[in-house]
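Protein chains in written order, with my numbering: chain R, 4 to 385; chain Z, 65 to 223.
Virtual Cβ for every residue (Gly too), placed ideally from N, Cα, C.
Here is the structure we will look at.
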């Protein structure tokens, strides 16, 4: 192939790339006179190439932004490139569209700047979606807050009458128990114990509501120290048992130390509870990497559970074991999940019946931080 | 009842709670040394010898106040503020005895000078034990200054 043919082939290839690009690609002189106009430019702005070639680029500019073109062209003349410039343009039918543009100088063979090329993408739809997402997020957060407040006040208001039933049934048992028919006494005992259990449910529910409402206070935290503190609290509970605590090196992370300590406390107390039948319990806390992301795990050699119920377990009041075998209200893992979600992390479990369970969690970028780094919704100045 | 015999002022509006708290106090033989105010206004009238209690002198002051937060008329925090702002009553230990464990109630109570904050447990055995311990501590173990300590100091330092 001759050199000229090669050049021609390369040029026509470049031309077809420009033509088929998804973004509008417009070439113009340094005075802003349109020289070239691809198919996407036609689609985005509504003008055909014939209509606009030779006309000034200012036909696309809304009147209140008329100073933008000279300012951009000034920079282009100095050899600067303007990237991701977010602004508003006007279509042929007069509708305004949100766009993001990159403008660069075009040069002659000598290197002299002869014009400008602009690559424009239509952001209108993306902005609408973002705005919708933003409003939905705010609505969802409000609904969540309302629900949490409701849970809190209901649990709170239920507590007082429950206390009263508990108290009066106890007084009845103590002061009048001796005169009572044994069956009557047994029923009364039943009422008393039920209120005690319901009291624990209500208190745990309040705890969950409190955790949900709590603002995250983020600090760089060594997880080792949190695990040590959580274990120290459990030691008295475990003093008559043989327990092998294996705590591997753990990372420093950005988290709310009080809440993450609660996560470890709940997971470790579960591990302790469900290894009760083991002669020697092994409870392990460590770190691993899954898909390049650090994952913290708490593993035990306890009675495990059937993986079919793995998803249910994190729900409020969900229990996989009979109360006579293992005590509890079924709120502990719900609290764990709530805290991890507040940290934009994920929590899941793997287990096998009689072979132990492992709980994993990640800590992501907390929600608040993400909201702040969300793309700006208005036009960005450069 | 002679006012001088009263050690404990229980400020509580709910009849079942009054009943249960008095029952708990009875076990420590303290029920007859307790007086019940049914709302915040009555509590302050009693403490400051006003209104229906104008025959009470400031000398025969109670040694312990058990204060509920949710009260009709004047709520618990307002009662607490009045108690801690007056030189005649500020030395009296105030124990907040409430159903709530709301963070802002805790903070406000301590901010206004509460001496202790206790959430009433659902379990009556625990509640009884707590009331017993509280009275033992504040009536027998704790050393308060003389009731007149702060009112006298205020008189001295007055220009």
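My guess is that residue i and residue j are in contact by the Cβ rule of under 8 Å, so how many angstroms apart are they, rounded?
i	j	result
residue 148 (chain Z)	residue 103 (chain Z)	No, residue 148 (chain Z) and residue 103 (chain Z) are not in contact; Cβ-Cβ is about 19 Å, not under 8 Å.
residue 363 (chain R)	residue 298 (chain R)	5 Å
residue 91 (chain Z)	residue 184 (chain Z)	Rounded, the Cβ-Cβ distance is 16 Å, inconsistent with contact.
residue 131 (chain Z)	residue 155 (chain Z)	Actually they are not in contact, since the Cβ atoms of residue 131 (chain Z) and residue 155 (chain Z) sit about 15 Å apart, beyond 8 Å.
residue 253 (chain R)	residue 230 (chain R)	7 Å
residue 365 (chain R)	residue 296 (chain R)	6 Å
residue 101 (chain R)	residue 91 (chain R)	6 Å
residue 135 (chain Z)	residue 77 (chain Z)	5 Å
residue 74 (chain Z)	residue 98 (chain Z)	5 Å
residue 88 (chain R)	residue 107 (chain R)	No, residue 88 (chain R) and residue 107 (chain R) are not in contact; Cβ-Cβ is about 11 Å, not under 8 Å.
residue 281 (chain R)	residue 304 (chain R)	6 Å
residue 307 (chain R)	residue 357 (chain R)	6 Å
residue 128 (chain Z)	residue 157 (chain Z)	5 Å
residue 125 (chain R)	residue 49 (chain R)	About 11 Å separates the two Cβ atoms, so there is no contact after all.
Go to residue i, then tell me how far its beta strand (DSSP E) extends in each direction, as first and last residue.
i	result
residue 363 (chain R)	359 to 364
residue 87 (chain R)	85 to 93
residue 170 (chain Z)	Note, residue 170 (chain Z): premise wrong, no beta strand (DSSP E); alpha helix (DSSP H) at 167 to 175.
What residue does the alpha helix (DSSP H) around residue i start on, and which one ends it?
i	result
residue 352 (chain R)	No alpha helix (DSSP H) contains residue 352 (chain R), which is instead part of the beta strand (DSSP E) from 350 to 355.
residue 141 (chain Z)	140 to 149
residue 72 (chain Z)	Per DSSP, residue 72 (chain Z) belongs to no alpha helix (DSSP H); it is in the beta strand (DSSP E), 72 to 75.
residue 128 (chain Z)	No alpha helix (DSSP H) contains residue 128 (chain Z), which is instead part of the beta strand (DSSP E) from 128 to 131.
residue 117 (chain Z)	Careful: residue 117 (chain Z) lies outside any alpha helix (DSSP H) and carries neither H nor E.
In three-state DSSP terms, what is residue i?
i	result
residue 99 (chain Z)	strand
residue 310 (chain R)	helix
residue 21 (chain R)	helix
residue 31 (chain R)	strand
residue 303 (chain R)	strand
residue 183 (chain R)	coil
residue 140 (chain R)	helix
residue 146 (chain R)	helix
residue 65 (chain Z)	In this prediction, residue 65 (chain Z) has a pLDDT of 43, which is less than 50 and means its spatial position is unreliable; nothing more can be read from the coordinates.
residue 161 (chain Z)	strand
residue 338 (chain R)	helix
residue 79 (chain Z)	helix
residue 163 (chain R)	helix
residue 282 (chain R)	coil
residue 374 (chain R)	Residue placement at residue 374 (chain R) cannot be trusted, given a pLDDT of 42 that sits under 50; what the coordinates show is reported in the next sentence. Here residue 374 (chain R) sits in helix by DSSP.
residue 154 (chain R)	helix
residue 3 (chain R)	With chain R running from 4 to 385 in the structure shown, residue 3 (chain R) is simply not present.
residue 296 (chain R)	strand
residue 328 (chain R)	coil
residue 384 (chain R)	Note that residue 384 (chain R) has pLDDT 33, beneath the 50 cutoff, so the model's placement of it is unreliable and no number is given.
residue 288 (chain R)	strand
residue 125 (chain R)	strand
residue 386 (chain R)	Because residue 386 (chain R) is not part of the residues shown, which for chain R are 4 to 385, the question remains open.
residue 266 (chain R)	helix
residue 176 (chain R)	helix
residue 223 (chain Z)	Any reading at residue 223 (chain Z) must be qualified, since the residue scores a pLDDT of 47, below 50, and its modelled position is unreliable; the value itself is stated next. Residue 223 (chain Z) falls in the coil class under three-state DSSP.
residue 104 (chain Z)	helix
residue 132 (chain R)	helix
residue 367 (chain R)	coil
residue 318 (chain R)	coil
residue 93 (chain Z)	coil
residue 261 (chain R)	helix
residue 170 (chain R)	helix
residue 8 (chain R)	helix
residue 274 (chain R)	helix
residue 14 (chain R)	helix
residue 85 (chain Z)	helix
residue 178 (chain Z)	coil
residue 210 (chain Z)	coil
Q. Which runs of the beta strand (DSSP E) spanning at least 3 residues fall entirely within the region 180 to 207 of chain Z, listed in chain order?
A. Segments of the beta strand (DSSP E) lying fully in the region 180 to 207 of chain Z: 180 to 183.
Length at least 4, wholly inside the region 183 to 259 of chain R: the alpha helix (DSSP H) runs in chain order
The qualifying runs are 185 to 216, 226 to 238.
For a minimum of 4 consecutive residues, which ranges assigned as the alpha helix (DSSP H) are wholly contained in the region 35 to 118 of chain R? Taking only runs of at least 4 residues, the alpha helix (DSSP H) segments lying wholly in the region 35 to 118 of chain R are 42 to 48, 52 to 55, 71 to 80.
Review point. Three or more C-beta pairs closer than 8 Å, one from the region 172 to 183 of chain Z and one from the region 76 to 87 of chain Z: is that the case here?
Key: By the Cβ test, the region 172 to 183 of chain Z is not in contact with the region 76 to 87 of chain Z, since fewer than three Cβ pairs between them sit closer than 8 Å.
Task: Any 3 or more C-beta pairs closer than 8 Å across the region 232 to 248 of chain R and the region 195 to 209 of chain Z - done: With a cut-off of 8 Å, the region 195 to 209 of chain Z and the region 232 to 248 of chain R do not count as touching, because too few Cβ pairs lie within range.
Original post:
Is there contact between the region 338 to 345 of chain R and the region 205 to 223 of chain R, where contact requires at least three CB pairs shorter than 8 Å?
Top reply: They touch, by the three-pair rule.
Is the number of C-beta pairs between the region 166 to 179 of chain R and the region 139 to 151 of chain R that are closer than 8 Å three or more?
By the Cβ test, the region 166 to 179 of chain R is not in contact with the region 139 to 151 of chain R, since fewer than three Cβ pairs between them sit closer than 8 Å.
Would the region 76 to 87 of chain R and the region 146 to 161 of chain R be scored as touching if the rule is three or more Cβ pairs under 8 Å? These segments do not touch.
- How do the region 307 to 324 of chain R and the region 184 to 198 of chain R stand: do at least 3 beta-carbon pairs fall below 8 Å, yes or no? Taking 8 Å as the limit for Cβ pairs, the verdict is that the region 184 to 198 of chain R does not touch the region 307 to 324 of chain R.
Q. Quick one: any contact between the region 253 to 273 of chain R and the region 298 to 307 of chain R, if contact means 3 or more CB pairs under 8 Å?
A. At 8 Å Cβ cutoff, the stretches touch.
Would you say the region 56 to 64 of chain R touches the region 26 to 40 of chain R, given that touching needs at least three Cβ pairs under 8 Å? Counting Cβ pairs under 8 Å, three or more are found: they touch.
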